[in-house]
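The next block holds one structure in the form of C-alpha cells; read it before the comments.
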Amino acid sequence: MTGRFTRREFAKTIGAAGAVSGVPLSLALGQPAAPKPLPFPANFLWGCATSAYQIEGAVAADGRGPSNWDVFSHTPGKTHHGDTGDVADDSYHLYKEDVRLLKDLGAKVYRFSISWSRIFPRGRGKPNAPGLAYYQRLIDELLKNGIEPYVTLFHWDLPQALAGGWQSRDTPKAFADYAAYVAGKLSDRAHHFMTTNEVVCFTDLSYQIGQFAPGLKLPAAQVNQIRHHGLLAHGLGVQAIRAHSASGTQVGLAENPKVYVPVIESAEHIEAAKRAYREENAPFLTAVMEGKYTDGYLQREAANAPKVEGDDLKIIGSPLDFVGLNVYQPEYARADAGASGYAVARRPSSFPQMASPWLFIGPEVIYWAIRHTSDLWKPRALYITENGCSAEDFRQTDGRVEDTDRVMFLRNYLTHLQRAATEGYPIRGYFLWSLLDNFEWADGYSKRFGIHYVDFKTRKRTRKLSADWYREVIRRNSVA
Ligand code: PNW
Numbered sequence: 028m029t030g031r032f033t034r035r036e037f038a039k040t041i042g043a044a045g046a047v048s049g050v051p052l053s054l055a056l057g058q059p060a061a062p063k064p065l066p067f068p069a070n071f072l073w074g075c076a077t078s079a080y081q082i083e084g085a086v087a088a089d090g091r092g093p094s095n096w097d098v099f100s101h102t103p104g105k106t107h108h109g110d111t112g113d114v115a116d117d118s119y120h121l122y123k124e125d126v127r128l129l130k131d132l133g134a135k136v137y138r139f140s141i142s143w144s145r146i147f148p149r150g151r152g153k154p155n156a157p158g159l160a161y162y163q164r165l166i167d168e169l170l171k172n173g174i175e176p177y178v179t180l181f182h183w184d185l186p187q188a189l190a191g192g193w194q195s196r197d198t199p200k201a202f203a204d205y206a207a208y209v210a211g212k213l214s215d216r217a218h219h220f221m222t223t224n225e226v227v228c229f230t231d232l233s234y235q236i237g238q239f240a241p242g243l244k245l246p247a248a249q250v251n252q253i254r255h256h257g258l259l260a261h262g263l264g265v266q267a268i269r270a271h272s273a274s275g276t277q278v279g280l281a282e283n284p285k286v287y288v289p290v291i292e293s294a295e296h297i298e299a300a301k302r303a304y305r306e307e308n309a310p311f312l313t314a315v316m317e318g319k320y321t322d323g324y325l326q327r328e329a330a331n332a333p334k335v336e337g338d339d340l341k342i343i344g345s346p347l348d349f350v351g352l353n354v355y356q357p358e359y360a361r362a363d364a365g366a367s368g369y370a371v372a373r374r375p376s377s378f379p380q381m382a383s384p385w386l387f388i389g390p391e392v393i394y395w396a397i398r399h400t401s402d403l404w405k406p407r408a409l410y411i412t413e414n415g416c417s418a419e420d421f422r423q424t425d426g427r428v429e430d431t432d433r434v435m436f437l438r439n440y441l442t443h444l445q446r447a448a449t450e451g452y453p454i455r456g457y458f459l460w461s462l463l464d465n466f467e468w469a470d471g472y473s474k475r476f477g478i479h480y481v482d483f484k485t486r487k488r489t490r491k492l493s494a495d496w497y498r499e500v501i502r503r504n505s506v507a
C-alpha cells in the first residue's frame, strides 16, 4: 500500500516532534501536559447511520406496502413487549428535525436506508411515486445542509408480497430491478449506494435461528441457498446500479464480518487471525471479495453447499468502489498447528459487555476489521458503516442523559480507528450507530443505541452526553 508509514517511521516522527529523550516536551519544560491529540486525516468523513424500518414509522403512509418486519413484529411473541415499527421515531414526518440534529453535530455524511415497499409496495411492478418522493425530500434536505447521503437499498425490510422471501431465487432478481429504479431516480443527487446490509442477519438470523423476520428455523442446505440468494442480490444490485446510475456513482455494501483479533500482536498470531477472518466469513464477505466460495466452506458444508448457477459467482464478486464494515464485538484467534492454522479462543463469561448481551467490548476490533480486509483484498476504499453501542440510558431530573459508558465505548473504539487511519489503510469515514434511539429489531424499544434520546411516547429527541462528545470529535477531527 502506498503512502503507508512503517510503525518505526511513525514512532520516529511522533518522537521527534513531541519528546526529549523519552520525556514529553511539555513535562520537560515544566508545563502541564496538553491533551494528546489523536488526529484523523483531513477530509475524514464523520457521520451517523440509521435504517428505514427502525426510525421511519408511517407504515401505511403514501401507499407503502407491508414488509416482512410489519408482519413479524405484529406476530405475538416475536419482539420484546410486542413492540413494532408502526411509529418508531416517526422520522418519516420528523426528518427535517433529524437532519437538524446531524447538522448540529457537524456531520458530513448520513447513512440511511430505503424502504423497498415504499417504492414497490408489492416488491415489483409499478413504482409508487409518493414513496420515492419522500427520499427525494430527505436527500434534498441533507444536501441543503451540506450533508452527503449514503443510501442503503436493503436493510432487512423485505416487501411481504415477495413469495418465499429470500428462499426464492426470484427475490434477488426483484432486488436488482428495484436497485436499478432507485439508482436511476436518485443518483442525480446521491453519489454513494450500498446494496445490502449484513447478509448474515437477513439469512442466518432470519431463516436458521428464527430471531428475525420471517422467524424460520430451516436446515443447513436451505440456509446455504438463502445465503447464496442474499449474495446474488448484492451482486445483481451492483450491476444494476452501475448500469442505471449517473457516472461517478460509488457502489459498495455494508457487511458485519466476524472479526478476529490476534491474541498477541505477533507475526504468527496475526497470520492466524487473518486466516480465521477469511475462512469464518467464507459464505459472506469472503465470497463477495473473491467471487468464489473457499474450499474450506465447500468441504465443511459438503452436500449442503449452495447450488450455484452459471455466472452467479462472477456476479457476486462484481468489483466494488468501497467496502462498508459494521463493527461491534471482537472475536479472538491464535496460531494453531492444525490444518486451518488457527484456533478461535472461547470467551470467558467475565468478558465485559454493553447493554445488549451480544455486544462485547473490544475496541481493537475496529483496527483489525480494517487491517484484515485491506491486507486480504486491497479494497479501493473502506468505511466503518456502523459502530456504536446500547446503554441503559436514563434521563436525570434536569433532563440530562449522561451516557458516560457510551462515551467510554466510543472513545476507545475511535482510538483504534485512528491507528488504522494513521497507518495508511484506506479508511475514508465513520458512521456512528445510531443518530437516534430506535426500533432495535427483536429487542423492540428496550435497547437504546442512539446519541440522541427519544421519548417513545412524545417522539421528543434529547441530546445525550455522547452527542456533545461526538460533536467535539468532529470539530477537532481528533479523538476527544
Ligand atoms: C446491526 N449481533 O445489527 C444492524 O445493522 C442495525 O440495524 C442494528 O440496530 C445494530 O447493528 C445494533 O444491533 C446487528 O448479534 C444485530 O452480533 C446483531 C448483531 C450485530 C449487528
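Numbering (our numbering), first residue to last: 28 to 507. Glycine included, each C-beta is placed from N, C-alpha and C at the ideal position. Just so you know, these numbers come straight off a predicted model, no measurement behind them.
DSSP lists A281 as the bridge partner or partners of N224. Out of M221, W404, G318 and L243, the CA that lies nearest to the CA of G279 is found in M221.
Taken in chain order, the complete beta strand (DSSP E) segments of 3 residues or longer contained in the region 161 to 197 are 175 to 181.
A straight-line Cα-Cα distance of about 32 Å links A294 and I343.
The region 176 to 184 and the region 213 to 227 touch, with no fewer than 3 CB-CB distances between them shorter than 8 Å. Per DSSP, I454 lies in no alpha helix (DSSP H) segment; the continuous beta strand (DSSP E) that holds it begins and ends at I454 to W460.
The beta carbon of H120 sits closer than 8 Å to those of G84 and A85, all from its chain and outside the five residues before and after it, given in chain order. A direct Cα-to-Cα measurement between Y324 and K123 gives close to 46 Å.
Under the three-state reduction of DSSP output, N353 falls in the strand class. Relative to the ligand PNW, even the nearest heavy atom lies 6 Å or more away from the CB of N308.
Annotated as distal: S383 and L65, with beta-carbon spacing of 7 Å or more. Close CB contacts of E429 within its chain, under the 6 Å cut and outside five residues either way in sequence, are with L492 (chain order). C-alpha of P246 to C-alpha of P199: approximately 21 Å in a straight line. Boundaries of the alpha helix (DSSP H) harbouring E307: A294 to E307, taken from the DSSP string. Short note on W96: C-beta not closer than 6 Å to any heavy atom of the ligand PNW. Taking 6 Å as the cut-off, one finds no heavy atom of the ligand PNW near enough to the beta carbon of N414. Taking F436 as the centre and dropping the five residues before and after it, the same chain places the C-beta of M381, I388 and C416 closer than 7 Å to its C-beta, in chain order. W385 has its Cβ nearer than 6 Å to a heavy atom of the ligand PNW. With contacts defined as CB atoms closer than 7 Å, Q238 and V98 fail to qualify as a contacting pair. Between the ligand PNW and the CB of S78, the shortest heavy atom gap is smaller than 6 Å.
For L459, the CB contacts under 6 Å within the same chain, skipping 5 residues up- and downstream, are C75 and G415 in chain order. Residue burial is scored here from C-beta neighbours: F421 has fewer than 16 other C-beta atoms within 10 angstroms and is therefore classed as exposed.
Separation of the CB atoms of P406 and L347 is rounded to 7 Å, and the pair is thereby assigned contact status at 8 Å. Within the same chain, N251, Q252 and H255 come within 6 Å of P333 by CB-CB distance, once the 5 residues on both sides are set aside. In the three-state DSSP reduction, V428 falls in the coil class, being neither helix nor strand. Check the Cα spacing between W143 and each of Y208, K130 and G173: the tightest is with Y208.
Per the coordinates, the alpha-carbon of A447 lies some 45 Å from the alpha-carbon of P103.
For the region 457 to 491, the full-length beta strand (DSSP E) segments reaching 3 residues or more read 479 to 481 and 488 to 490 along the chain.
Sequence-distant Cβ neighbours of I82 in its own chain, meaning closer than 7 Å and more than five residues away, are A115, D116, S118, L463 and N465.
Counted as a single uninterrupted DSSP element, the beta strand (DSSP E) harbouring A360 occupies residues E358 to A362. Counting only runs of 3+ residues, the beta strand (DSSP E) found wholly inside the region 48 to 135 occupies 72 to 76, in chain order.
Contact check between the region 362 to 380 and the region 468 to 480: fewer than three CB pairs, one atom from each, fall below 8 Å, which does not count as touching. Here I388 carries a coil assignment [DSSP, helix/strand/coil]. A88 has its alpha-carbon roughly 30 Å from the corresponding atom of E282. Comparing alpha carbon positions, the residue from E467, L441, S233 and G451 closest to W496 is L441.
Of D197, L72, R302 and I166, the smallest CA-CA separation from A366 is found for R302.
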